[in-house]
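Reading the sequence shown from the start, the letters are residues 347 to 825 in the numbering used here.
Just so it is clear, CB atoms sit at the ideal spot from N, CA and C, and this is done for glycine as well.
None of these values were measured; they are calculated from a predicted model.
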Amino acid sequence: MKQMMYLLVLVMLSAVAEADRPNILFIFADDMAWDAMSCMGSEAQTPHLDALADRGVLFTNSYNMGSWSGAICVASRSMLNSGQSLWQIRPNAIAMKRYKRNQLPSPPSADDIGTSWSQWLGEAGYHTYFTGKWHVDLYEAEDVFHTTGTVRPGMPNQTEAGYNRPQGPSDQTWLPWDEQHGGFWAGGKHWSEITGDEAVDFLKNSAPREEPFFAYVAFNAPHDPRQAPKQYVDLYPADQVAVPENFQPLYPYADQIGVGRNLRDARLAPFPRTPYSVQVNRAEYFAIISHMDAQIGRILDELEATGQAENTLVIFSADHGLAVGHHGLIGKQNMYEHSLKAPLIIAGPGLPQGASRSERVYIQDIVPTSLDFAGIDVPKHVSFKSLSPLLFNRPYDGYDTIYGAYRNLQRAVIHKDWKLIYYPEVPKYRLYHLAPDPQEINDLADDPMYGDQLSVMKSLLIQEFERQNDRTMMAKPLK
């Protein structure tokens, strides 16, 4: 029955594609937590993303698998652009990076790497466009898109003044709107505004074209340095910003799991964390999100003004989330919900409006989803699943278990409402029941009452090692 319903969805999409293939506008943020939108109850003011959610489908449990390195975005974007899962794409991504650094005499073969998401759409007749943060070693943006705007690196340059702060209310050595620190202000105009400008210009120029477009608009925001014009920072007085319920001054096992003082992201705020330093970091985080939201509003307004909105599938997401003070953590290199999850909104012609879906999915599922709407067969090597059945509220054969990994130092599985986190170098398990404990405060791993559940989750973890070809963990017996 499920298969029949899914085929019906594909027939519906195929008919739409044959009649008038939709444009695809993909808007991508960097380091944006899944709930950092006002429509999710956040303090962050995001009127334009809220409006997009009102006219589309909001996914409340969309995950990134993690990373083989501290740069979580590289792994996330490699999976996104190749369609391959974490350990499937890792060897070629690392080999290509080493080749670019002159550490290998030759790159991986084109056959090994395969073609990219944008190339699949380009070969099917889409005009493809990119602007913003790329940070994918596998391909050069200029090689896999027909047209590119400014191609940005992984992050704006940070300055020493941007770390280990604030020390207290009197610490004014670094201010988000102070252009002397460069960062997002390098070049004289905030990078988010430039990305917005270039996307708007592309939409103006795309209106007369006969072929549909695929526009990949990738903001560096809200990655640090968290800089925004003063009018946005003033929206969030630090002393009025809430400290997360799961705040801790220091996270236990931080060094053993790779999130101690040697991790760049972790050094942004002082050790131990203080409520005030967390309030300031979160205020600046919300400010750069609101500033980015304003640029997204400009892009969506232009889509409407040029008459293209009615035939454009709009997808908004981010590469992963961020802690910013949850659990004593500042970065994204952890297995908690605030860092594994990212926002996901899909809106477009024929889709439900103001709907939400709570099924657990991966953000990279947007790749086969977009191909469905474009009437393109999904390549067999793509590891992820189309969300088309969910969008149309049809039976969906989803993921029984969600998997997460960080280097060889952390692993996680989520099954139903249970999460198991494993730190092999400690060794330590953490067990959370997410339904009654969404903030992941109550670790049940050492409670004998939950021994059977712990055993079930350990078995699922082992199964995921096999399924994901997680060779590092397959070679290590669980402790």
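In this structure, the straight-line span from the alpha carbon of residue 448 to that of residue 441 is close to 11 angstroms. About 20 angstroms separates the beta carbon of residue 713 from that of residue 398, a gap too long to meet the 8 angstroms contact definition. Inter-segment contact for the stretch 806-823 and the stretch 777-797 is absent: fewer than three beta-carbon pairs are separated by less than 8 angstroms. Rounded to whole angstroms, the gap between the alpha carbons of residue 412 and residue 679 is 8 angstroms. For the pair residue 502 and residue 612, the Cα-to-Cα distance works out to about 17 angstroms. The Cβ neighbour count for residue 439, taken over all protein chains shown within 10 Å, is at least 16; the residue is labelled buried. Membership of residue 426 in any beta strand (DSSP E) is not indicated; the residue belongs instead to the alpha helix (DSSP H) covering 418-428. Around the Cβ of residue 625, a 10 Å sphere holds 16 or more other Cβ atoms; the residue is buried. Judged by DSSP secondary structure, residue 438 falls within the alpha helix (DSSP H) whose first and last residues are 432-446. Non-local C-beta neighbours of residue 742 in its own chain, meaning closer than 6 angstroms and more than five positions away in sequence, comprise 735, 736, ordered along the chain.
One thing to note: residue 410 has its Cβ within 8 angstroms of the Cβ of residue 666. Following the DSSP letters along the chain, one finds residue 479 in no alpha helix (DSSP H) but inside the beta strand (DSSP E) bounded by residues 473-479. Here residue 663 is buried, its C-beta having at least 16 other C-beta atoms within 10 Å. A distance below 8 angstroms separates the beta carbons of residue 568 and residue 375. By the criterion of at least three beta-carbon pairs nearer than 8 angstroms, the stretch 458-478 is in contact with the stretch 557-565. According to the DSSP assignment, residue 765 belongs to the beta strand (DSSP E) that extends over 764-769. The Cβ atoms of residue 405 and residue 690 lie closer than 8 angstroms to each other.
DSSP places residue 680 outside both helix and strand once states are collapsed to three, so it counts as coil. The straight-line gap separating the alpha-carbon atoms of residue 796 and residue 774 is approximately 16 angstroms.
A straight-line Cα-Cα distance of about 14 angstroms links residue 548 and residue 539. For residue 713, the enclosing alpha helix (DSSP H) has its first and last residue at 712-720.
Within the same chain, 811, 812 come within 8 angstroms of residue 820 by CB-CB distance, once the 5 residues on both sides are set aside. Per DSSP, residue 691 is one residue of the beta strand (DSSP E) stretching across 690-693. With 16 or more other Cβ atoms inside 10 Å of its own Cβ, residue 544 counts as buried.
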